[in-house]
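J.:
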Ligand code: ACM
């Protein structure tokens, strides 16, 4: 089976949803893919002092707001699914979310479980649990940025059958790209980390985002690593069924060999 995946790396402009839509539309001209992944918070940018400053640039998860409706139109021209990070609002609450959008509309919405640093001042902790959806007979799981440092995130998705992990990111630490190689090896899945570029400043805070968006395969091979500081789109064909077989060798199956009964926390195992 041939399945085309893609990622977009770009520099979202803070407080300018319309400009971010334009940047994305320009980058997507002529692109066709089964699945494309955009960075975390692609509608709003990253640094805000408080939640009420961010709220005007957030939207609901119904696909009717300006950002998500423009991306549903884009899914129609791409002829595939878009997974994008965005600032989500629900009543008085804000979430750092990622949504899967097909040409017909939203498929599933994930709210970031592990908030990073100052994000805790802006967003509610995600309450959706880890989501896997199916598109063209391929199972795709979603996690967001800092979820990478908790192996449980990718494991939950893989145990639910995800063959590909769509991973919108706004990375500032230098470790994730290497860690995603391990996430691929230990779960035998493809990963697509769509990271952003650029620098944002707010008061004393200054963040530089690390680019180098990445695609890894179930053997842990890096199939693509992007530039550090240039906007880019990368498309490639993969065989998602490579992620179905969890055998490492004839004796070891990475899922069947798990022993959850031994993972309970106990004070001492001595007898
Ligand atoms: C991050 O989770 N955006 C570092």
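Numbering (the numbering used here), first residue to last: -7 to 263. Heads up, the beta-carbon is just placed ideally off N, CA and C, and yes, glycines get one too. Since we're looking at a predicted model, the values are computed, not measured.
#1: Mapping DSSP to helix, strand and coil, what is residue 256?
#2: DSSP beta-bridge partners for residue 318?
#3: What's the call for residue 226, buried or exposed, on a 16-neighbour Cβ count within 10 Å?
#4: Measuring straight from C-alpha to C-alpha, what distance separates residue 217 and residue 23?
#5: Mapping the DSSP letters down to three states, classify residue 231 as helix, strand or coil.
#6: Using DSSP bridges, identify the partner residues of residue 98.
#7: Can you name, in chain order, every residue of its own chain whose Cβ lies under 6 Å from the Cβ of residue 199, other than the five neighbours on each side?
#8: Can you tell me whether residue 113 is buried or exposed, with buried defined as 16 or more other CB within 10 angstroms of its CB?
#9: Suppose the cutoff is 6 Å on Cβ atoms and the five residues either side in sequence are ignored; what does the same chain contact list for residue 99 look like?
#10: Thinking C-beta only, is residue 38 closer than 8 Å to residue 239?
#11: Should residue 4 be labelled buried (16 or more other beta-carbon atoms within 10 Å of its own) or exposed?
#12: What residues in its chain sit with their C-beta under 8 Å from that of residue 245, if we drop five residues either side in the sequence?
T.: On the basis of the coordinates in this document:
#1: coil
#2: No answer is possible for residue 318: the residues shown for the chain start at -7 and end at 263.
#3: buried
#4: 19 Å
#5: Correct three-state label for residue 231: coil.
#6: 93
#7: 164 and 192, listed in sequence order.
#8: exposed
#9: For residue 99, where only same-chain residues beyond five positions count, the Cβ hits under 6 Å are 92 and 125.
#10: no
#11: Classification for residue 4: buried.
#12: 238 and 239
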